[in-house]
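Here's the structure we're looking at; comments come further down.
In the numbering used here, the protein residues as written are 4 to 558.
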């Protein structure tokens, strides 16, 4: 698991819980304390919230600017997880002006996780995150700057969505909390794994829906179509779970009593939305044809059919074990994935998975301090203004239970739903006056301040890249500094953990790369590899040594 998944380790979680307890006790003991301090801040937020475009702009800028200002102490993160390298391959491919890469003659030495080598050499994932990384590479010289920019757009999109459902000052607060909680130190900002694209797509469709119903306009329909396109190309299954309630509500409105005249409906909503969706479908079909060999072959399909035994969804049946050329890949798919899937299909495993998913979402998106407003959740559930969002979130979560695996960015499309419910709870907390004392208001004031404090603690507590990720980056840089092209043959120990940092990942154009990473195979195959790269200095890399061992390769 990435070091920043869930926004921290167990020790930092204890700090969050301790902070939440202190906030609760302090406000109960001293309600109204700090009123002079908070009053001017509240007035500033209200005045800024009256300018919605400016509020969106400032929220969107804040996360990237804060994170960029921290680069001297929290440098650009290094990739370390399998998925990150796969997305980086897509980003480099797109930045080179290609949709995919030809299969390399020595491809069996380069087989690795979450990448295709047949029929072409490319990431197995949908292209949204790769396009973001390509933008960072082309515009700013490094793919991480695309990640940084996308997180800023995500925070702005969440604020924009909240403005359609809540009063402007609460929408602005929601955008600020998103910046503090997931916009600076979460792995969505500090890795190449993604999360922001799907969160953007979800915010766009849920922000466009009420705007269309209040005032049918072509631009709102275009935004809705753009959101659907982003979801289809980032998290397609989870995006579908979120899109179905939205499109169902839109259809019910279009045939209901409050619908606009048919001509307005066709011209301003149906036509622009259809155009965007048709263009998206055509683009996806072309991409799938070029990369996976068929317009109807979706991302994931080829890779899962080639390597995986366990399906993703618990209702599916396992596949026969395929032939594996590398022990580390068999260990990943047979020794790790398959037991997780089999456990998820048992009754006990299913309910443990439910608890894991709930705990993961609460920790990642809120943490202990932001859970305090959920004391008002019973009142939120009775509020008709957000009932649609609650049902949408419930349908989304029930759909996620079908997935045997759990990672926070699976929840990404529903990010704005979670923060909308949080902000409604904040509103009820603000008005809570037990015994006539402004306890709720004091809590609502102290919670954002505590979130700022936790952000500062987080900087000193948790690194943005683990030691394992830094080790691979160090060896990569060391080999690049040698004169001439290099070939690094990786040999894992028998007890190697397939979930740790994977070393065999390569550039989009393998032959042109300064360093080529390859797996050690049988002697005959290794000689063929060395003969093919006869102009390269050949090294043996042993990552499982006490200190990563790099030595000249002896066949």
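Glycine included, every Cβ here is placed at the ideal spot set by N, Cα and C.
These numbers come from a predicted model, not from an experiment.
Counting C-beta neighbours from all protein chains within 10 Å, is the total for residue i 16 or more, i.e. buried, or is it exposed?
i           : result
residue 496 : exposed
residue 546 : buried
residue 334 : buried
residue 3   : The structure shown has nothing for residue 3, since the chain only spans 4 to 558.
residue 281 : exposed
residue 235 : buried
residue 362 : exposed
residue 274 : exposed
residue 319 : exposed
residue 223 : buried
residue 135 : buried
residue 214 : buried
residue 470 : exposed
residue 67  : buried
residue 34  : buried
residue 532 : buried
residue 17  : exposed
residue 9   : Only weak support exists for where residue 9 lies, its pLDDT of 43 falling under 50; the coordinates are left without a value.
residue 14  : exposed
residue 438 : exposed
residue 453 : buried
residue 354 : exposed
residue 537 : exposed
residue 38  : exposed
residue 480 : exposed
If residue i sits next to residue j, beta carbons under 8 Å apart, how far is it from one beta carbon to the other, in whole angstroms?
i           : j           : result
residue 558 : residue 522 : Not really, about 15 Å apart at Cβ, beyond 8 Å.
residue 423 : residue 376 : 12 Å between Cβ atoms; not a contact.
residue 182 : residue 313 : Incorrect: roughly 37 Å between the Cβ atoms, too far for contact.
residue 241 : residue 416 : 5 Å
residue 220 : residue 266 : With a Cβ gap of about 14 Å, residue 220 and residue 266 do not count as contacting.
residue 357 : residue 396 : That belief does not hold up - the Cβ atoms of residue 357 and residue 396 are roughly 15 Å apart, past 8 Å.
residue 89  : residue 120 : So it is not a contact: roughly 12 Å between Cβ atoms.
residue 22  : residue 371 : 7 Å
Determine the direct distance from the alpha carbon of residue j to that of residue i, and round the result to whole angstroms.
i           : j           : result
residue 300 : residue 122 : 12 Å
residue 63  : residue 486 : 43 Å
residue 6   : residue 443 : Per-residue confidence for residue 6 stands at a pLDDT of 38, beneath the threshold of 50, marking its modelled position as unreliable; no derived number is given.
residue 483 : residue 517 : 6 Å
residue 509 : residue 230 : 32 Å
residue 25  : residue 247 : 42 Å
residue 127 : residue 382 : 44 Å
residue 206 : residue 200 : 10 Å
residue 106 : residue 553 : 28 Å
residue 125 : residue 290 : 11 Å
residue 499 : residue 196 : 23 Å
residue 187 : residue 54  : 24 Å
residue 339 : residue 504 : 15 Å
residue 184 : residue 367 : 8 Å
residue 393 : residue 365 : 16 Å
residue 535 : residue 74  : 41 Å
residue 11  : residue 180 : For residue 11, the predicted structure reports a pLDDT of 48, less than 50, and the residue's modelled location is therefore unreliable. A value from the coordinates is still provided. Rounded to the nearest angstrom, the two C-alpha atoms are 17 Å apart.
residue 390 : residue 164 : 16 Å
residue 168 : residue 472 : 41 Å
Closest by CA to residue i, which one among the options?
i           : options            : result
residue 102 : 176, 498, 296      : 296
residue 316 : 427, 401, 230, 556 : 401
residue 111 : 196, 328, 550      : 328
residue 491 : 60, 541, 347, 514  : 541
residue 507 : 83, 356, 535, 57   : 83
residue 69  : 93, 158, 359       : 158
residue 56  : 28, 171, 47        : 171
residue 226 : 211, 216, 16, 463  : 211
residue 108 : 528, 551, 555      : 528
residue 369 : 338, 457, 341      : 457
residue 539 : 61, 514, 524       : 514
residue 217 : 263, 232, 203, 177 : 263
residue 175 : 340, 425, 414, 32  : 425
residue 279 : 228, 331, 409      : 228
residue 239 : 277, 276, 283, 257 : 283
residue 342 : 407, 32, 19        : 407
residue 232 : 190, 138, 288, 119 : 288
residue 550 : 144, 446, 477      : 477
residue 399 : 387, 386, 413, 388 : 413
Relative to the ligand ADP, is the shortest distance from any of its heavy atoms to the C-beta of residue i smaller than 8 Å?
i           : result
residue 486 : Absence of the ligand ADP is noted for the structure shown, with no ligands found whatsoever.
For residue i, decide whether its Cβ has a neighbour in chain C, counting only Cβ atoms nearer than 9 Å.
i           : result
residue 335 : Included in the structure is just one protein chain, with no chain C present.
Item to complete: May I have a chain-ordered list of the alpha helix (DSSP H) segments no shorter than 4 residues that lie completely inside the region 17-79?
Response: 38-52, 55-72
Worksheet item: Counting only runs that start and end within the region 227-278, where is the alpha helix (DSSP H) found for 4 or more residues in a row?
Response: Fully enclosed alpha helix (DSSP H) runs of 4 or longer: 239-258.
Worksheet entry | Segments assigned alpha helix (DSSP H), at least 4 residues, entirely inside the region 413-467 | 418-433, 442-464
Discussion item. Restricting to runs no shorter than 4 residues, where is the alpha helix (DSSP H) found entirely within the region 85-122?
Written reply: 85-98, 110-113
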